[in-house]
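Visitor:
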Amino acid sequence: MKHKRLNRDGWGFQYYPYYQMRIDCECFHGMACLIRFTDGGANYWETPKAGRIQVTGEGMTWLELIPDNAKRVITVKYFPDNTHDEERVNYPENFCAKYRPSIWYVDIIEGVEYDEDGIAFFIDKYLDVIFTPEGDVKIDDRDELDAAYDKGELSDEQYTDALTECDHILNDLCSDIAKTNSWCAEVRYIVEKRIAEGESITRCREVWINNMM
Numbered sequence: 001m002k003h004k005r006l007n008r009d010g011w012g013f014q015y016y017p018y019y020q021m022r023i024d025c026e027c028f029h030g031m032a033c034l035i036r037f038t039d040g041g042a043n044y045w046e047t048p049k050a051g052r053i054q055v056t057g058e059g060m061t062w063l064e065l066i067p068d069n070a071k072r073v074i075t076v077k078y079f080p081d082n083t084h085d086e087e088r089v090n091y092p093e094n095f096c097a098k099y100r101p102s103i104w105y106v107d108i109i110e111g112v113e114y115d116e117d118g119i120a121f122f123i124d125k126y127l128d129v130i131f132t133p134e135g136d137v138k139i140d141d142r143d144e145l146d147a148a149y150d151k152g153e154l155s156d157e158q159y160t161d162a163l164t165e166c167d168h169i170l171n172d173l174c175s176d177i178a179k180t181n182s183w184c185a186e187v188r189y190i191v192e193k194r195i196a197e198g199e200s201i202t203r204c205r206e207v208w209i210n211n212m213m
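Below you can see the structure in the form of structure tokens.
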């Protein structure tokens, strides 16, 4: 199983601010990470209902949530504040608030650990759930999960747990996407408030190298 850092360095982005913090409040208990894209061109995926959706680009923000007692990393890929792509003609009117998601991408994971820089990374368990405000819902990479199981890389328990977590995600997050949007916005508000009050950028290796140049 692959190890993926929450600062998403494997995506090949340029320098960007990355925040990593523990949150314990009524609406959320767990790890929250936030990435601000300060540069970079827009990249898009195609979906049946939402059409062409933006996933990266200057001005976007990614919020990553790892709830306690769950085997998932929820990544909300937000448009620049107070905007959304005009091409998204079916974008829900009740999503028109400051924080407007383009898409959710949920990784099913084995667990979370930390590297020598203190950056959280998750152990990816292949299966993903992707959904949009317009109602697209896709279970992705089931073939990779099955292949890993067939090769003996996953035990019976790990394989079953991944499928069970997928069902929980569909029920918890995809059965009422408007409710999920409100919950994510509430958590993001807390994260943004912490940053405004002085929460420091998490100094991953990329930041140290950038500061030395």
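Following this note's numbering, the numbering of the sequence shown begins with 1 at its first residue and continues without gaps.
Built from N, CA and C at the ideal position, the CB exists for glycine as well.
As the structure is a computational prediction, the values presented were derived from the model and not from experiment.
When burial is assigned at 16 or more other CB atoms within 10 Å of the CB, is Val187 buried or exposed?
Guide: Position 187 of the sequence shown, counted from the start, is the residue given in the question as residue 187. Its Cβ being crowded by 16 or more others within 10 Å, Val187 is buried.
Visitor: Going by Cα to Cα distance, which pick from Asp176, Ile53, Val73, Glu134 is closest to Glu113?
Guide: Taking the first residue of the sequence shown as position 1, residue 113 is located at position 113. Glu113 has its Cα closest to that of Val73, out of Asp176, Ile53, Val73, Glu134.
Visitor: Give me the Cβ distance between Tyr99 and Lys77, rounded to the nearest whole Å; I'm assuming they're in contact under 8 Å.
Guide: As a position in the sequence shown, residue 99 is number 99, starting the count at 1. As a position in the sequence shown, residue 77 is number 77, starting the count at 1. Tyr99 to Lys77, Cβ: 11 Å. No contact.
Visitor: Using a threshold of 9 Å, state whether the C-beta atoms of Leu6 and Tyr16 are closer than that.
Guide: Against the sequence shown, residue 6 aligns to sequence position 6. Against the sequence shown, residue 16 aligns to sequence position 16. No, the Cβ-Cβ distance between Leu6 and Tyr16 is not below 9 Å.
Visitor: Is it buried or exposed, Ala32, if we count other Cβ atoms within 10 angstroms and call 16 or more buried?
Guide: Stepping through the sequence shown from its first residue, residue 32 is reached at position 32. When all chains shown are included, Ala32 counts as buried.
Visitor: In the DSSP output, which residue or residues are listed as bridge partners for Val73?
Guide: Translated into the one-based positions of the sequence shown, residue 73 becomes position 73. DSSP, once it has assigned bridges, lists Asp107 as partnering Val73.
Visitor: Short check: CB of Ala70 to CB of Thr132, under 9 Å?
Guide: Here residue 70 corresponds to residue number 70 of the sequence shown, with the count starting at 1. Here residue 132 corresponds to residue number 132 of the sequence shown, with the count starting at 1. Not closer than 9 Å, so no.
Visitor: Bridge partners of Met31, per DSSP?
Guide: In the sequence shown, residue 31 corresponds to position 31, counting from 1. Answer is Arg22, Ile66.
Visitor: For a test of the three-state rule: what should DSSP assign to His3, helix, strand or coil?
Guide: The sequence position of residue 3 within the sequence shown is 3, counting from 1. Three-state result, His3: strand.
Visitor: With a threshold of 16 other CB atoms inside 10 Å of the CB of Thr180, please say whether the residue is buried or exposed.
Guide: Along the sequence shown, read from residue 1 onward, the residue named residue 180 stands at position 180. The residue in question, Thr180, is buried, as its Cβ has 16 or more Cβ neighbours within 10 Å.
Visitor: Over the uninterrupted beta strand (DSSP E) stretch that includes Thr215, give me the two end residues.
Guide: With the chain running from 1 to 213 in the structure shown, residue 215 is simply not present.
Visitor: For the segment 57 to 66 against the segment 27 to 44, do three or more pairs of beta-carbon atoms, one drawn from each stretch, fall closer than 8 Å, so that the two count as touching?
Guide: The segment 57 to 66, when compared against the segment 27 to 44, does touch it at the 8 Å Cβ threshold.
Visitor: Output needed for Cys184: all residues of its chain with C-beta closer than 6 Å, excluding positions within five of it in sequence on either side, in chain order.
Guide: Numbered from its first residue, the sequence shown carries residue 184 at position 184. Closer than 6 Å at Cβ, skipping near neighbours: Val76.
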